[in-house]
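Let me begin by presenting the structure, written as structure tokens, before commenting on it.
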Amino acid sequence: MSRRVPGQATAAELATAAIREAVIIGAVKPDEPVYEEEWAARLGISRTPVREAIQELVARGLLTRNGRTAYVFHPSLSELLEIYDIRLPMEQLAASRCAAVADDALVADLEARFAKIREHRVDSGWFADHEAFHMRLFEGSRMPRLTSLIQSLRAQSEPYVRLAVTVDQEFRDNSRVQHHSLVDAVRARDPEMAAAIVKEHLDTTRRKLSEIIQASTSVDALLVPRP
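Each residue of the sequence shown is one higher than the one before, counting from 1 in full-length UniProt numbering.
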């Protein structure tokens, strides 16, 4: 096991974060393999902490195993819709709680994070900033167990969010408005408004993903290529 130095992340934790980010920003696509030796060389660490990281990400549902090789989770349409059904009440709870307990510093942080995703072009950096905005919102709930569960579920569906954002300008525009409204809800300390906006946002995303996937003969061909 990786040893922990007080105040520092272990090598396994660093590897977990690096692999997870690669999946979220599209550097590794659904069904692509994640090799221990490749990631160990990339991160400059031994294979043992990478093996621990892969085991952790399999447990979170972000990776799956086929024999000895791990692959990025590739949900079916029904699995993807199920993930959204589970996410909805959890993210509503987190957002409403965040709005109820937010201080001025959190509001300012969310405003700054929203400004980044509003102004930047859609690329791998944008997707990382987008995820950081949402996770800061959920962390603001001060419910770490709930935030951890949401994080795992979001990671499983994030490649398909990239798909919708990339191919549909109207969806991007609506999403930008919804993100702005979320910041407004937290600033107003309005839990009901925050929960309602999360529902609108997730329902819109769920519907758009279903439309895109059902209309495509090859979803894999539509997924964002490696940056």
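Cβ coordinates follow ideal geometry from the N, Cα and C atoms, glycine included.
Rounded C-alpha distance that separates ALA99 from ARG187: Approximately 7 Å, taken between the alpha carbons.
Simplified DSSP assignment, three categories, for LEU209: Three-state DSSP puts LEU209 in a helix.
Distance between beta carbons of ASN174 and THR204, contact taken as under 8 Å: Contact between THR204 and ASN174 holds, since their C-beta atoms are separated by about 6 Å, short of 8 Å.
One or two residues paired with THR166 in a DSSP bridge: None; THR166 has no bridge partner.
Any beta strand (DSSP E) of 3 or more consecutive residues that is wholly inside the region 90 to 145: The DSSP assignment places no complete beta strand (DSSP E) segment of no fewer than 3 residues inside the region 90 to 145.
Reference VAL50; option with closest CA among ALA40, ASP85, PRO89, ALA59: Taking each of ALA40, ASP85, PRO89, ALA59 in turn and checking the Cα distance to VAL50, the smallest one comes out for ALA40.
Residue interval of the beta strand (DSSP E) (run including VAL72): It spans 69 to 72 - the beta strand (DSSP E) in which VAL72 sits, taken as one unbroken run.
Closest Cα partner of HIS134 within the set GLN92, ALA17, LEU209, ILE54: Considering only alpha carbons, the answer is GLN92.
Status (buried if at least 16 other CB within 10 Å, exposed otherwise) for GLY44: Exposed: under 16 other Cβ atoms inside 10 Å.
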